[in-house]
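Trainee: End of the sequence shown = 250 in our numbering, gap-free, step of one.
Beta carbons are placed, not taken as given, at the ideal position from N, Cα and C, and that holds for glycine.
Quick caveat: nothing in here was measured; it's all calculated off a predicted structure.
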Amino acid sequence: MSSDRREFFKLAGAAAAVAGTAWAAMPAAAETAGQFKAIKALAFDAYGTLFDVFSVTALCERLYPGKGNQLAQIWRAKQLQYSLMRSLMGRHRDFWGLTEDGLLWATKNLQLDLTADKKKQLMEAYLSLAAFPDVKAGLEALKTQGVKLAILSNGEPKMLEAAAKSAGIRDLLDDIISQDLQSQPARL
């Protein structure tokens, strides 16, 4: 998934960078530009595409020396597993709750003492996930081409808003759409 995301941003950024006079110079490039101009909007998944979920690893390591990477890996795996299982069972739980459930399971599995303070710090880290290094430039390049940009995610709306603001990309997004319709207003 990471290489697909990076490849997309490379292609989108390259397409935006060479738009204009360069397109007219080459017939094949002009045809590609026409196809790209037909794209009016793009929606991106948030976690693992725009936001680096493993940016929490440094905090995990600081709180649990020698176990941080393992904690981050297991936490993310459980978060995804719980999301999939609940979806298949039709038993909705918002992504904040799934994130907490994954953290609880991971710390218990690794026999780590999860104090209230550590839990709060780790959960809040999901509100300030780092964007991948190429995300902002890629979104800016797409935005200059007039493409409307959105996040489409199973993330809880407040989590997505906080992470987008923290990562410095909220102003580049036209919308943040969450599948969690229970916690957001209906859209027209």
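With distances taken between CB atoms, is the gap from Ala226 to Leu191 smaller than 7 Å?
Mentor: Not in contact: Ala226 and Leu191 (Cβ atoms no closer than 7 Å).
Trainee: The alpha helix (DSSP H) spanning Phe157 covers which residue range?
Mentor: Run containing Phe157: Phe157 to Asn171, per the alpha helix (DSSP H) assignment.
Trainee: Ordered along the chain, which non-local residues of its own chain (more than five positions away) have a Cβ less than 6 Å from that of Ser117?
Mentor: Once the five neighbours on either side are set aside, the close Cβ partners of Ser117 are Leu191 and Ala192.
Trainee: Between which two residues does the beta strand (DSSP E) harbouring Ile239 extend?
Mentor: Ile239 -> beta strand (DSSP E) spans Asp237 to Ser240.
Trainee: Tell me which residue opens and which closes the beta strand (DSSP E) that Ile136 is part of.
Mentor: Taken as a continuous stretch (DSSP letters only), Ile136 belongs to no beta strand (DSSP E), being part of the alpha helix (DSSP H) at Gly130 to Met151.
Trainee: So Leu234 packs on Glu202, CB below 8 Å; how close in whole Å?
Mentor: That belief holds up - the Cβ atoms of Leu234 and Glu202 are roughly 6 Å apart, short of 8 Å.
Trainee: Taking Ala193 as part of the beta strand (DSSP E), name the residues at either end of that continuous run.
Mentor: Neither: Ala193 is in no beta strand (DSSP E) and is coded neither H nor E.
Trainee: Can you grab the Cα-Cα spacing for the pair Tyr109 / Ser215, in whole Å?
Mentor: The straight-line gap from Cα to Cα measures roughly 8 Å.
Trainee: Contact between the segment 128-145 and the segment 204-215 is defined here as three or more beta-carbon pairs at a separation below 8 Å; is this criterion met?
Mentor: No, the segment 128-145 does not touch the segment 204-215.
Trainee: State the Cα-Cα distance for the pair Ala178 and Ile101, rounded to the nearest angstrom.
Mentor: Computed Cα separation, rounded: 47 Å.
Trainee: Does the beta-carbon distance from Asp114 to Phe194 come in below 7 Å?
Mentor: In contact: Asp114 and Phe194 (Cβ atoms closer than 7 Å).
Trainee: Is Leu204 helix, strand or coil when you go by DSSP?
Mentor: It is helical.
Trainee: Is it true that the segment 124-131 meets the segment 149-167, where meeting means three or more beta-carbon pairs spaced less than 8 Å apart?
Mentor: Too few Cβ pairs lie closer than 8 Å, so no.
Trainee: Can you say whether Asp242 is buried or exposed, counting buried as having 16 or more other CB atoms within 10 angstroms of its CB?
Mentor: Its Cβ being crowded by 16 or more others within 10 Å, Asp242 is buried.
Trainee: Which residue's Cα is closest to the Cα of Gln120: Leu222, Gln183, Arg232 and Met221?
Mentor: The question names Gln, but residue 120 in the sequence shown is Ala. Cα-wise, what sits closest to Ala120 is Gln183.
Trainee: Is the beta carbon of Gly217 less than 7 Å from the beta carbon of Phe157?
Mentor: It is a contact, given that the beta carbons lie within the stated cut-off.
Trainee: Taking the CB atoms as reference points, tell me whether Ala168 and Ile136 lie closer together than 7 Å.
Mentor: Yes, they are a contact pair.
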